[in-house]
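Quick note, the sequence shown lines up with residues 5 to 370 if you use this note's numbering.
Below is one structure; the comments refer to it alone.
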Amino acid sequence: MSDVRKQPTLHDVARLAGFSTSTTARALGNYGRIAETTREKVRAAADELGYRANPLARSMITGKTKTIGVVCADLSSPFFAEALRGISDVAKGRGYDILIVNTDEDVASERDAVALLRDRHVDGVIVSPADVRQVGHLAALQTPERALVLLDRSSAALDADSVTVDDVSAMTDAVGRLLDAGHRHIGIVTELRIEREADWQSLLGDLDHSERRELNPSSRRLLGYLRAHREHDIPIDPALVARTGATSVDSARSATTRLLDQRAQTGMTAVVTVDNTTSVGAYGAIRDHGLRVPDDLSFIAFDNLDWTTLVQPAVSVIEQPVYALGSRAAEVLLDRLDGTRDTPGEEILLDTRFIERESIRAVQQV
5 MSDVRKQPTL HDVARLAGFS TSTTARALGN YGRIAETTRE KVRAAADELG YRANPLARSM
65 ITGKTKTIGV VCADLSSPFF AEALRGISDV AKGRGYDILI VNTDEDVASE RDAVALLRDR
125 HVDGVIVSPA DVRQVGHLAA LQTPERALVL LDRSSAALDA DSVTVDDVSA MTDAVGRLLD
185 AGHRHIGIVT ELRIEREADW QSLLGDLDHS ERRELNPSSR RLLGYLRAHR EHDIPIDPAL
245 VARTGATSVD SARSATTRLL DQRAQTGMTA VVTVDNTTSV GAYGAIRDHG LRVPDDLSFI
305 AFDNLDWTTL VQPAVSVIEQ PVYALGSRAA EVLLDRLDGT RDTPGEEILL DTRFIERESI
365 RAVQQV
């Protein structure tokens, strides 16, 4: 005799609750006009039976799956892990499930992820685009019925909401602090890809009019570095810009090693990084060279990770409100879905915070 229990159906819930199947479906799906007492009785019956609604079946009735997709650029990154927590908390609080897909910062993988989410009939999508200019697949995803919100990146090519920070101002401020402390030869470790030489030349040639929404975060932070030098009337030395060519700790360590090996020629006295991955790699390379922070080299990290307070001396950082970035993106998306937000796409900028610790040393000009 089999002991496999039959899965409870909507009809079973309706029978136990004492309502019609259509009323029970509306109560469980949160659509239509239903008295709160009725909703509570139906939910109690569903809980007692262990009933779970089939989202695809529900979508055939309501046109909604109560699911949002999240296209994540790098699930291994502490940044995205914290942002996902913010998204999840808001989605759960408003009765939505989330479906997460990782792309490893690859446009082709992102296209596949978008196709998957479309096939799963998600109601809306939060995405961190791998390339803010190659977004045709994202434009096609966006419909009056399916909302789209960009996280950590914005794109001039999309009429979509975005939630990010003012990377340019954050880095301009941080590098300005080093320049005010007397540093004149400041290295930066960035993930601007090697093959994009045109990006580098564009940033150098047009610091005032570079369109921030056409740049990925690393490029925007590099723009802030360049603008700080311009504002302090300090020449820019391209030899102090280390481009990793890949998003990994090892690539950042190698790029920083190249910077450190040229210290005798460049006179570098400080290093800044553009995200948590480059921060870990750069700090590791500095330690590998036997250099002391800040006695031998001042250091500023982008992102306030736990390790920056555990090392001695503690590292000064640019802190992003990562959880708030995720939660705000989810709020904007769900407001679009429930119709309470019907304005044109908006770029929402959250504030960063500079936390000064013990990794910056003032230097005297000879």
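Where a beta carbon is used, it is the ideal one built from N, C-alpha and C, also for glycine.
Under the three-state DSSP convention, the category Phe84 falls into: On the sequence shown, residue 84 is found 80 positions in, with the first residue counted as 1. Three-state DSSP puts Phe84 in a helix.
Exposure label - Asp123; buried when at least 16 CB within 10 Å: As a first step, residue 123 must be located in the sequence shown, where it is residue number 119. Classification for Asp123: exposed.
Local conformation of Arg157 per DSSP, three classes: Within the sequence shown, the letter at position 153 stands for residue 157. Correct three-state label for Arg157: coil.
Residue range of the unbroken alpha helix (DSSP H) whose run includes Ala31: Translated into the one-based positions of the sequence shown, residue 31 becomes position 27. Per DSSP, Ala31 belongs to the alpha helix (DSSP H) from Thr25 to Gly33.
Within 9 Å, strictly: CB atoms of Ala274 and Ile304: Locating residue 274 in the sequence shown gives position 270, counting from the first residue. Locating residue 304 in the sequence shown gives position 300, counting from the first residue. Yes, these two residues count as a Cβ contact at 9 Å.
Test item: CB-CB of Asp101 and Leu53 under 9 Å: Numbered from 1 along the sequence shown, position 97 holds the residue referred to as residue 101. Numbered from 1 along the sequence shown, position 49 holds the residue referred to as residue 53. Result no, Cβ atoms of Asp101 and Leu53 do not sit closer than 9 Å.
Euclidean distance between Cα positions of Ala160 and Val326: Indexing the sequence shown from 1 puts residue 160 at position 156. Indexing the sequence shown from 1 puts residue 326 at position 322. If I take the Cα positions, the gap works out to 23 Å.
Reference Arg188, options Ala246, Leu301 and Asp265, closest by Cα: What you label residue 188 is simply residue 184 of the sequence shown in a count that begins at 1. When C-alpha distances from Arg188 are compared across Ala246, Leu301 and Asp265, the shortest belongs to Leu301.
Extent of the continuous beta strand (DSSP E) run through Thr277: Your numbering for residue 277 matches position 273 in the sequence shown. Where Thr277 is concerned, the enclosing beta strand (DSSP E) stretches over Ala274 to Thr277.
Rounded straight-line distance, which links the Cα of Glu350 to that of Pro82: Position 78 of the sequence shown holds residue 82. Position 346 of the sequence shown holds residue 350. One C-alpha to the other measures close to 26 Å.
Sequence-distant residues of the same chain with beta carbon closer than 6 Å to Ala87, five excluded per side: Position 83 of the sequence shown, counting from 1, holds the residue named residue 87. For Ala87, where only same-chain residues beyond five positions count, the Cβ hits under 6 Å are Val326, Leu329 and Gly330.
Element boundaries [beta strand (DSSP E), containing Ala246]: Position 242 of the sequence shown holds residue 246. Run containing Ala246: Val245 to Arg247, per the beta strand (DSSP E) assignment.
Rounded straight-line distance, which links the Cα of Ala185 to that of Gln368: Counting from 1 along the sequence shown, the entry for residue 368 is found at position 364. Counting from 1 along the sequence shown, the entry for residue 185 is found at position 181. Those two C-alpha atoms are separated by around 8 Å.
DSSP three-state assignment for Thr42, whether helix, strand or coil: In the sequence shown, counting from the first residue as 1, residue 42 sits at position 38. Helix at Thr42.
Start-to-end residues for the beta strand (DSSP E) that takes in Val315: By 1-based counting over the sequence shown, the position of residue 315 is 311. Counting along the chain, Val315 falls outside any beta strand (DSSP E), and DSSP gives it neither H nor E.
Best match in Arg115, Thr277, Glu235 and Thr281 for proximity to Thr254 [C-alpha to C-alpha]: Taking the first residue of the sequence shown as position 1, residue 254 is located at position 250. The sequence given here has Asp at residue 254, not Thr. Looking at the Cα atoms, Thr281 is the closest of the given residues.
Test item: CB-CB of Thr248 and Val193 under 9 Å: As a position in the sequence shown, residue 248 is number 244, starting the count at 1. As a position in the sequence shown, residue 193 is number 189, starting the count at 1. Cβ atoms of Thr248 and Val193: closer than 9 Å.
Same chain, Cβ closer than 7 Å to Phe84, neighbours up to 5 away in sequence not counted: Here residue 84 is taken as the residue at index 80 of the sequence shown, counted from 1. Excluding residues within five positions, the ones whose Cβ falls inside 7 Å are Cys76, Ala77 and Asp78.
Top-ranked residue by Cα proximity to Gly140, from Asp127, Glu114 and Arg150: The count along the sequence shown starts at 1 and reaches residue 140 at position 136. Answer by Cα proximity: Glu114.
Collapsed DSSP secondary structure at Arg150 in the structure displayed: As a working mapping, residue 150 is identified with position 146 in the sequence shown. DSSP places Arg150 in coil when its eight states are reduced to three.
Classification of Ala268 by the beta-carbon crowding that lies within 10 angstroms, buried from 16 upward: Working through the sequence shown from its first residue, we reach residue 268 at position 264. Counting other Cβ atoms within 10 Å of its Cβ, Ala268 stays below 16 and is therefore classed as exposed.
For Asp307 and Val319, believed in contact at Cβ under 8 Å, the rounded distance: In the sequence shown, the residue the question calls residue 319 occupies position 315. In the sequence shown, the residue the question calls residue 307 occupies position 303. Not quite, the Cβ-Cβ distance comes to about 10 Å (not below 8 Å), so this is no contact.
Delimiting residues of the alpha helix (DSSP H) encompassing Ile238: By one-based count along the sequence shown, residue 238 stands at place 234. That residue, Ile238, is in no alpha helix (DSSP H); it is neither H nor E in DSSP.
Straight-line Cα distance separating Asp292 from Ile238: Counting from one through the sequence shown, the residue named residue 238 turns up at place 234. Counting from one through the sequence shown, the residue named residue 292 turns up at place 288. Ile238 and Asp292: Cα-Cα distance of roughly 30 Å.
Assigned secondary structure, Leu182 (DSSP; H/G/I helix, E/B strand, else coil): The sequence position of residue 182 within the sequence shown is 178, counting from 1. In the three-state DSSP reduction, Leu182 falls in the helix class (H, G or I).
Limits of the unbroken alpha helix (DSSP H) element including Val118: Here residue 118 refers to the residue found at position 114 of the sequence shown. Element bounds for Val118: Val111 to Asp123.
Straight-line gap, Ala243 to Arg56 (C-alpha atoms, nearest Å): Indexing the sequence shown from 1 puts residue 243 at position 239. Indexing the sequence shown from 1 puts residue 56 at position 52. Rounded to the nearest angstrom, the two C-alpha atoms are 60 Å apart.
Closest residue to Leu103 among Val179, Ile91, Leu341 and Gly73 (Cα-Cα distance): The residue given as residue 103 occupies position 99 in the sequence shown. Comparing Cα-Cα distances from Leu103 to each of Val179, Ile91, Leu341 and Gly73, the minimum goes to Gly73.
Status (buried if at least 16 other CB within 10 Å, exposed otherwise) for Arg37: Reading the sequence shown from its first residue, position 33 is the one you call residue 37. When all chains shown are included, Arg37 counts as exposed.
Spatial distance of Lys68 from Arg98 (CA atoms): On the sequence shown, residue 68 is found 64 positions in, with the first residue counted as 1. On the sequence shown, residue 98 is found 94 positions in, with the first residue counted as 1. For Lys68 and Arg98, the distance between alpha carbons rounds to 14 Å.
Contact belief for Val167 with Val336 at Cβ below 8 Å, rounded distance in angstroms: Working through the sequence shown from its first residue, we reach residue 167 at position 163. Working through the sequence shown from its first residue, we reach residue 336 at position 332. Right, their Cβ atoms sit about 6 Å apart.
Residue from Leu264, Gln324 and Glu323 whose Cα sits closest to the Cα of Arg296: Position 292 of the sequence shown, counted from the start, is the residue given in the question as residue 296. When each option's Cα is compared against that of Arg296, the closest is Leu264.
Helix, strand or coil at Ala305 [DSSP, three-state]: By one-based count along the sequence shown, residue 305 stands at place 301. Of the three classes helix, strand and coil, the one that applies to Ala305 here is strand, per DSSP.
C-beta atoms of Val94 and Leu338 nearer than 9 Å: Sequence index remark: in the sequence shown, residue 94 carries index 90 (1-based). Sequence index remark: in the sequence shown, residue 338 carries index 334 (1-based). Result yes, Cβ atoms of Val94 and Leu338 sit closer than 9 Å.
Expected contact under 8 Å - CB spacing of Asp110 and Phe358 to nearest Å: Mapped onto the sequence shown, residue 110 falls at position 106. Mapped onto the sequence shown, residue 358 falls at position 354. About 32 Å separates the beta carbons of Asp110 and Phe358, which is beyond the 8 Å limit, so they are not a contact pair.
Identity of the residue in Ser158, Thr347, Gly180 and Ala29 nearest Asp170 by Cα: For the purposes of this step, residue 170 is taken as the residue at position 166 of the sequence shown. Of the candidates Ser158, Thr347, Gly180 and Ala29, the one whose C-alpha sits nearest the C-alpha of Asp170 is Ser158.
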